[in-house]
Amino acid sequence: MAYISYVLTLLFFFGISLINGYFSKPHRGEDGIALGMMLQVVVIGFTICSLILTLSIWWKGGFDWVSPQGRTRNILVGIGWLCMVVAIFDSSFFESGWYHDLPDFFRLLIKRIGQIWMPLLVFASCFFLLNTELKARVSPYFYKTPMAIAFGLAALMVLGILFGWARRQIEHKIAVREARQEEIRKYGGDRSWYFKTSMDFINAHNDTTITRLLSYAVMDRDRDKGENDEIRKAAVAKIKSYEHWETNLIRILESKDIGDIFNAYGFLEANTLEHPKEFIIPIKNSITYVTTVSNESIKNPDNFFLGSTNIGALCHILEAQFKGDAADFRPNMVNLQKVLDIPPAKRSDKKYAQGFDEILQKSRLVVKNWLEAN
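Per our numbering, numbering through the sequence shown is continuous, rising by one, with the last residue being 379.
This is the structure in structure tokens:
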């Protein structure tokens with residue numbers, strides 16, 4: 006059994022050398038799958054067979070020279086075997102990279118020690134330890150020295166691996182702390198991922214239009230109010246930094262995109278225009294489009310775009326910024342009221358039907374109140 010385990014361990018070691026040499030370059034597809042399967046086989050095979058070999062030598066008293074005390078001897082042999090396996094695998098496959106900061110010569114030397122010289126020293130020593138007669142004929146230094154050197158090198162390599170791991174952990178913690186400090190400097194404290202990505206987008210925005218900024222300028226005021234208020238203020242400031250932001254807003258109102266018009270209404274509801282007279286025709290045109298969208302949504306049971314019309318914001322805009330121009334908007338608002346008064350098509354889904362009816366009733370009410378006041 007001891008010799009079988011010796012031969013198998015040697016074969017698996019050759020397999021490790023083959024994979025490490027022939028398959029050193031990255032492989033994909035079927036070659037990558039085959040390499041992964043071979044890697045599992047040699048790792049498991051080498052680990053099991055080398056352990057059996059170590060136990061066989063221990064059973065024959067081959068490690069009695071390590072220490073006169075049995076418990077100490079067993080611990081030292083176990084640690085030596087574990088260090089050897091870890092060092093071989095790290096040098097061949099996993100490469101923790103603890104020695105990457107060293108000069109090229111030392112990096113190559115360490116890899117070759119783990120891949121070639123250390124295992125050969127162990128196999129040479131095991132060859133004598135397995136053969137009792139041969140062991141008796143040679144000087145103890147023939148098997149003690151190679152084994153001691155190999156296990157010593159393995160222990161040093163494992164210490165290097167642990168040192169490299171500890172260094173990476175420290176570097177990671179330092180990087181996290183620096184990132185946190187940078188975040189505090191940049192955002193003024195611990196912030197949500199959404200806040201950081203939103204502010205980064207707003208600050209880096211260099212598009213010629215303000216369309217994408219509008220969605221940040223009109224976000225839900227009832228959700229995460231503190232952060233949302235900051236995001237809205239930043240987006241509004243960014244929008245108003247554009248020299249022709251009102252011209253941009255006019256184009257959006259005339260774009261016939263209900264989502265963009267929704268955001269434009271939300272922005273106008275909270276921000277005063279510098280040249281409101283220039284917005285009369287664009288807003289009238291947008292009301293015509295909103296009326297068309299509302300008509301389609303009311304008549305089509307599968308169309309829920311009425312919720313994207315933002316009619317409530319529209320009425321607030323007309324009341325707050327265009328009070329003296331109500332006569333210009335009244336014909337459009339009368340047409341919108343007529344459409345909203347159409348009995349809606351029946352929705353099959355009760356949940357969506359209830360939500361649609363609530364939006365419809367609110368829209369009817371705000372339009373009715375505006376018409377009565379103007």
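Even glycine gets a Cβ: it sits at the ideal position worked out from N, Cα and C. Owing to the predicted nature of the structure, the values given are computational and were not obtained by experimental measurement.
Met-204 vs Ala-155 beta-carbon contact at 7 Å:
Taking the first residue of the sequence shown as position 1, residue 204 is located at position 199. Taking the first residue of the sequence shown as position 1, residue 155 is located at position 150. No; because the gap between Cβ atoms is not below 7 Å, this pair is not in contact.
Measure the beta-carbon distance from Thr-296 to Asn-340 and round it to whole angstroms, keeping in mind my assumption that it falls under 8 Å.
By one-based count along the sequence shown, residue 296 stands at place 291. By one-based count along the sequence shown, residue 340 stands at place 335. Right, the Cβ-Cβ distance comes to about 5 Å (below 8 Å), so this counts as a contact.
Give the secondary structure of Thr-14 by DSSP, where H, G and I count as helix, E and B as strand, and everything else as coil.
In the sequence shown, counting from the first residue as 1, residue 14 sits at position 9. Here DSSP, grouped into helix, strand and coil, assigns Thr-14 to helix.
Under 7 Å between the Cβ atoms of Val-223 and Gly-271?
Here residue 223 corresponds to residue number 218 of the sequence shown, with the count starting at 1. Here residue 271 corresponds to residue number 266 of the sequence shown, with the count starting at 1. Contact flag set, yes.
Cβ of Asp-333 within 7 Å of Cβ of Ile-266?
As a working note, residue 333 is residue 328 in the sequence shown. As a working note, residue 266 is residue 261 in the sequence shown. Cβ distance not < 7 Å, so Asp-333 and Ile-266 don't count as in contact.
Compute the Euclidean distance between the alpha carbons of Val-372 and Ser-260, then round it to the nearest angstrom.
Here residue 372 refers to the residue found at position 367 of the sequence shown. Here residue 260 refers to the residue found at position 255 of the sequence shown. Cα to Cα, the separation comes out at about 23 Å.
Less than 7 Å between the C-beta atoms of Arg-134 and Gly-67, yes or no?
For this step, residue 134 is matched to residue 129 along the sequence shown. For this step, residue 67 is matched to residue 62 along the sequence shown. It should be noted that the sequence gives Leu, not Arg, for residue 134. Yes.
How would you call Pro-151, buried or exposed, if buried means at least 16 neighbouring beta carbons within 10 angstroms?
Here residue 151 refers to the residue found at position 146 of the sequence shown. Within a 10 Å sphere around the beta-carbon of Pro-151 sit 16 or more other beta-carbons, which makes this residue buried.
Can you look up Asp-95 in the DSSP assignment and give me helix, strand or coil?
To locate residue 95, count along the sequence shown from 1; it is residue 90. Collapsing the DSSP output to three states places Asp-95 in a helix.
Report back the beta-carbon spacing between Leu-345 and Leu-319 to the nearest angstrom; my notes put them in contact at under 8 Å.
Numbered from 1 along the sequence shown, position 340 holds the residue referred to as residue 345. Numbered from 1 along the sequence shown, position 314 holds the residue referred to as residue 319. That pair is no contact at about 12 Å.
How would you write the range of the alpha helix (DSSP H) that His-347 sits in, first residue to last?
Taking the sequence shown and counting its residues from 1, the one referred to as residue 347 is at position 342. What sits at residue 347 in the sequence shown is Ile, not His. No alpha helix (DSSP H) holds Ile-347; DSSP gives it neither H nor E.
Per-residue burial, Asn-315 [other beta carbons within 10 Å of its own, 16 or more giving buried]:
The residue given as residue 315 occupies position 310 in the sequence shown. So Asn-315 ends up on the buried side.
Indicate whether the contact test is met: 3 or more Cβ pairs, each with one atom in the region 298 to 312 and one in the region 273 to 281, closer than 8 Å.
Under the three-pair Cβ rule at 8 Å, the region 298 to 312 does not count as touching the region 273 to 281.
Spatial neighbours of Ser-10 in its chain, beta-carbon cut-off 7 Å, leaving aside the 5 residues before and after
Here residue 10 refers to the residue found at position 5 when the sequence shown is read from its first residue. Contacts found: Cys-54, Ile-57, Leu-58 and Ser-61.
Cutting at 8 Å between CB atoms, please list the residues of its own chain near Ile-322, excluding the five before and the five after it.
What you label residue 322 is simply residue 317 of the sequence shown in a count that begins at 1. Closer than 8 Å at Cβ, skipping near neighbours: Tyr-270, Leu-273, Glu-274 and Ile-288.
Would you kindly check if the distance between the Cβ of Tyr-146 and the Cβ of Ser-130 is under 7 Å?
Here residue 130 corresponds to residue number 125 of the sequence shown, with the count starting at 1. Here residue 146 corresponds to residue number 141 of the sequence shown, with the count starting at 1. No; because the gap between Cβ atoms is not below 7 Å, this pair is not in contact.
Start and end of the alpha helix (DSSP H) containing Gly-271?
In the sequence shown, residue 271 corresponds to position 266, counting from 1. Gly-271 -> alpha helix (DSSP H) spans 263 to 275.
Could you give the DSSP three-state label for His-32: helix, strand or coil?
Stepping through the sequence shown from its first residue, residue 32 is reached at position 27. With a pLDDT of 49 at His-32, under the threshold of 50, the predicted position of this residue should be treated as unreliable, though the coordinate-derived value follows. If DSSP states are grouped into helix, strand and coil, His-32 belongs with coil.
Measure from the alpha carbon of Ala-239 to the alpha carbon of each residue in Ile-255, Ser-220, His-249 and Leu-254, then state which is nearest.
Start at 1 with the first residue of the sequence shown, and residue 239 comes out as number 234. Closest by alpha carbon: Ser-220.
Within 10 angstroms of its Cβ, does Asp-4 collect 16 or more other Cβ (buried), or is it exposed?
Nothing can be reported for residue 4, as the shown portion of the chain is limited to 6 through 379.
Gly-360 (DSSP reduced to helix, strand or coil):
Numbered from 1 along the sequence shown, position 355 holds the residue referred to as residue 360. It is helical.
With DSSP run on the structure shown, which of helix, strand or coil describes Asn-315?
Locating residue 315 in the sequence shown gives position 310, counting from the first residue. In this structure, Asn-315 counts as coil in the three-state DSSP scheme.
Going by C-alpha distance, which of Ser-246, Glu-138, Glu-188 and His-177 is nearest Asn-211?
Translated into positions along the sequence shown, residue 211 becomes position 206. The shortest Cα separation from Asn-211 among Ser-246, Glu-138, Glu-188 and His-177 belongs to Ser-246.
Distance check for Thr-214 and Ser-368, CA to CA, integer angstroms please.
Looking up residue 368 in the sequence shown gives position 363. Looking up residue 214 in the sequence shown gives position 209. Each residue's Cα considered, the two are about 30 Å apart.
Check whether Ile-24 and Met-43 have beta carbons under 7 Å apart:
As a working mapping, residue 24 is identified with position 19 in the sequence shown. As a working mapping, residue 43 is identified with position 38 in the sequence shown. Their beta carbons are under 7 Å apart, which means Ile-24 touches Met-43 by this criterion.
Report the three-state DSSP secondary structure of Glu-259 (helix, strand or coil).
The residue labelled residue 259 in the question sits at position 254 within the sequence shown. DSSP places Glu-259 in coil when its eight states are reduced to three.
Straight-line gap, Phe-110 to Leu-161 (C-alpha atoms, nearest Å)
Translated into positions along the sequence shown, residue 110 becomes position 105. Translated into positions along the sequence shown, residue 161 becomes position 156. Low confidence applies to Phe-110: its pLDDT is 46, below 50, so where it sits in the model is not reliable enough to give any reading.
Helix, strand or coil for Gly-50, going by three-state DSSP, please let me know.
Residue mapping note: residue 50 aligns to position 45 of the sequence shown, counting from 1. Three-state DSSP puts Gly-50 in a helix.
Excluding the five sequence neighbours on either side, which residues of its own chain have a C-beta within less than 6 Å of the C-beta of Phe-206, listed in chain order?
Counting from 1 along the sequence shown, the entry for residue 206 is found at position 201. Around Phe-206: no qualifying Cβ.
Take Ser-22 and list the residues in its own chain whose beta-carbon comes closer than 6 Å to its own, dropping the five residues that flank it on each side.
Within the sequence shown, residue 22 is the residue found at index 17, counting from 1. In its own chain, leaving out the 5 sequence neighbours on each side, no residue places its CB closer than 6 Å to the CB of Ser-22.
Can you tell me whether Ile-93 is buried or exposed? The criterion is at least 16 other CB atoms within 10 Å of its CB, across all chains shown.
In the sequence shown, the residue the question calls residue 93 occupies position 88. Per the 10 Å Cβ criterion, buried.
Here's a check: name, in chain order, each residue in its chain whose Cβ is nearer than 6 Å to the Cβ of Ile-236, leaving out the five neighbours to either side.
Taking the sequence shown and counting its residues from 1, the one referred to as residue 236 is at position 231. Here Ile-236 has Ser-203 and Tyr-221 as same chain residues with Cβ atoms under 6 Å from its own Cβ, once five neighbours each way along the sequence are excluded.
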